[in-house]
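Using the UniProt record's numbering, you'd call the opening residue of the sequence shown number 1 and step up by one each time.
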Amino acid sequence: MKNYGTLLKKIRQDKGLSQKDIYDGIMTRQTYYLIETNVSMPSFDKFLMILEKLFISVEEFLDLLDHESFPPENNLYHQLSQAVFKKDQPVFESLIKETQEIYTMTNNKKYFHLNLVTQAMACLNKGETDPKAFESSKKLMQPIKHYLVGIDKWYLYELKLLNNSLYCFELHEAIALGSLVGTKIDSLSTLEQYQEIKLRIYLNLSSLCLNYQDYENTKLFSTLAKQNAQTDYRLFELLVANLNYEIAQVADKKIPVSDHITKYLSILENLNYQETVNEYKKILNKSKLY
């Protein structure tokens with residue numbers, strides 16, 4: 001990392017902090033001076049302590065240091081989600097090219113994974129007009145599947161990767177991978193981000209299963225989502241998990257639509273989630289329940 005010290009110095013000065021504000025309790029003044037002048041690199045633990053005193057995250061620092069070499073994948077995933085929503089094939093093609101170039105430049109596998117997900121999403125986007133697109137998508141996802149299955153413990157990256165790629169897998173593969181969440185992450189992991197992404201996986205799986213009219217697994221994953229949403233006091237997620245469960249229950253037992261479904265849809269409508277309500281109406285029509 002070139003000029004890392006120059007950037008540390010600039011951030012420190014921009015925040016009106018002295019060198020003593022940063023090095024005090026971590027290292028000597030001389031050691032910190034050598035870091036700011038790009039002469040020596042701090043150990044990783046010292047580097048984290050310096051960033052902590054500068055109130056800046058590692059990701060933000062790397063982005064400021066060299067946006068081209070360390071592009072935040074969150075921005076790229078955001079572009080991908082927008083392309084999926086708008087069914088924008090030119091954006092898909094642009095992202096495929098960009099992620100391939102970044103992977104070639106950095107040799108960082110997270111960009112290889114992102115490239116595969118983008119290609120798979122682009123294939124699925126063409127699925128209605130090209131029957132071979134689904135087969136292509138399945139092949140593209142195999143390296144990600146092998147990566148996730150081959151790791152003993154998942155950390156935040158693996159959870160995010162699974163959540164971002166769920167809709168690219170065949171249903172049985174998505175269910176199998178989602179079922180591993182409970183065993184692949186450390187049971188002692190209480191970081192808020194872990195819990196949030198785990199909730200998202202269960203919620204997305206319940207919605208995916210509902211779309212495929214797999215009501216047993218819809219109930220399974222919506223129950224897991226409800227448990228996590230109640231723990232974290234997440235209203236929207238709790239409403240969606242309850243809706244998925246109730247719709248699966250009604251469809252599975254072939255009974256009339258319950259008042260609970262009407263109530264949850266009404267609450268979502270009142271909270272101004274009209275697009276979500278419209279999607280549920282489509283699901284109910286497809287299942288001949290509404």
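For every residue, glycine included, the Cβ atom is placed at its ideal position computed from N, Cα and C.
Q) Candidates L224, T28 and Q213: which alpha carbon is nearest R200's? A) L224
Q. Using 8 Å as the threshold, is the stretch 81 to 97 in touch with the stretch 135 to 149, meaning 3 or more CB pairs across them?
A. no
(Q) Under 7 Å: does the beta carbon of L156 sit that close to some heavy atom of the ligand SAM? (A) Among the components of this structure there are no ligands whatsoever, and the ligand SAM is therefore not found.
Q) Alpha carbon to alpha carbon, how far is K254 from Y233? A) 31 Å
Q. For the alpha helix (DSSP H) that contains C209, what are its first and last residues?
A. E192 to N211
(Q) Classify F61: buried if its beta carbon has 16 or more other beta carbons within 10 angstroms, exposed otherwise. (A) buried
(Q) In chain order, what are the residue ranges of uninterrupted alpha helix (DSSP H) at least 4 long that sit wholly in the stretch 150 to 181? (A) 156 to 165 and 171 to 179
Q.
Three Cβ pairs or more, each shorter than 8 Å: is that satisfied between the stretch 9 to 17 and the stretch 72 to 81?
A. no
Q: Write down the C-beta distance between N242 and K219 rounded to the nearest angstrom, noting that I regard them as a contact closer than 8 Å.
A: That belief does not hold up - the Cβ atoms of N242 and K219 are roughly 11 Å apart, past 8 Å.
Q) Considering only residues of the same chain and omitting the five flanking positions on each side of V181, which have a CB-CB separation below 7 Å? A) K198 and I201
Q: Output yes or no for whether 8 Å exceeds the beta carbon distance between L80 and T104.
A: no
Q.
Just verifying my parser: in three-state terms, what is the DSSP assignment at P90?
A. helix
(Q) Let me check understanding here. Comparing Cα to Cα, which of L289, Q193, A229 and L191 lies closest to S258? (A) L289
Q: Enumerate in chain order the residues of its own chain whose CB-to-CB distance from I35 is below 6 Å, with the five nearest sequence positions on each side excluded.
A: G5 and P42
Q. At which residues does the alpha helix (DSSP H) containing D252 begin and terminate?
A. L235 to K253
Q) Do F221 and L205 have their C-beta atoms closer together than 8 Å? A) yes
Q | For K281 and K132, the rounded distance between their alpha carbons | A | 30 Å
Q: Name the two residues that bound the continuous alpha helix (DSSP H) containing M49.
A: F44 to K53
Q. What three-state label does DSSP hand K281 in the structure shown?
A. helix
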